[in-house]
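A.B. asks: Right, I'll just put the structure down here and ask away after.
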Amino acid sequence: GYHYGVWSCEGCKAFFKRSIQGHNDYMCPATNQCTIDKNRRKSCQACRLRKCYEVGMMKGGIRKDRRGGRSSTCCWLHHLGSA
Numbered sequence: 001g002y003h004y005g006v007w008s009c010e011g012c013k014a015f016f017k018r019s020i021q022g023h024n025d026y027m028c029p030a031t032n033q034c035t036i037d038k039n040r041r042k043s044c045q046a047c048r049l050r051k052c053y054e055v056g057m058m059k060g061g062i063r064k065d066r067r068g069g070r071s072s073t074c075c076w077l078h079h080l081g082s083a
């Protein structure tokens with residue numbers, strides 16, 4: 001689905017939400033260059049959060065309408081640009 005300004009899976013949506021609400025200061029145990037993909041996304045929280053921002057997730061991308069669906073008041077599609 002479309003979450004926080006980008007298309008993402010439910011797992012990444014939940015991780016990003018917990019990270020921005022909890023103000024977590026994650027530390028990478030390596031060199032801040034961990035590979036984050038579907039199979040290794042849980043290996044480093046610091047690098048996973050960095051990747052969230054790199055792909056365009058935004059703190060301000062929270063939907064105002066929690067009932068679901070799309071409307072002019074809750075749709076964040078303008079962040080996609082013209083595709």
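Under full-length UniProt numbering, the very last position in the sequence shown is 83; numbers go up by exactly one each time.
Think of the CB as a built atom: it goes at the ideal place given N, C-alpha and C, for glycine as much as any other residue.
Computed from a predicted model, the values in this text were never measured in an experiment.
1) Measure the CB-CB distance between Tyr-4 and Phe-16 and report whether it falls below 7 Å.
2) If I follow the unbroken alpha helix (DSSP H) through Arg-48, where does it start and stop?
3) Return yes when the Cβ of Cys-52 is within less than 7 Å of the Cβ of Cys-28, no when it is not.
C.D. replies: Short version:
1) The residue given as residue 4 occupies position 4 in the sequence shown. The residue given as residue 16 occupies position 16 in the sequence shown. Yes, these two residues count as a Cβ contact at 7 Å.
2) The residue you call residue 48 lines up with position 48 of the sequence shown. Looking at the DSSP string, the run of the alpha helix (DSSP H) that includes Arg-48 is 45-54.
3) Against the sequence shown, residue 28 aligns to sequence position 28. Against the sequence shown, residue 52 aligns to sequence position 52. Contact: no.
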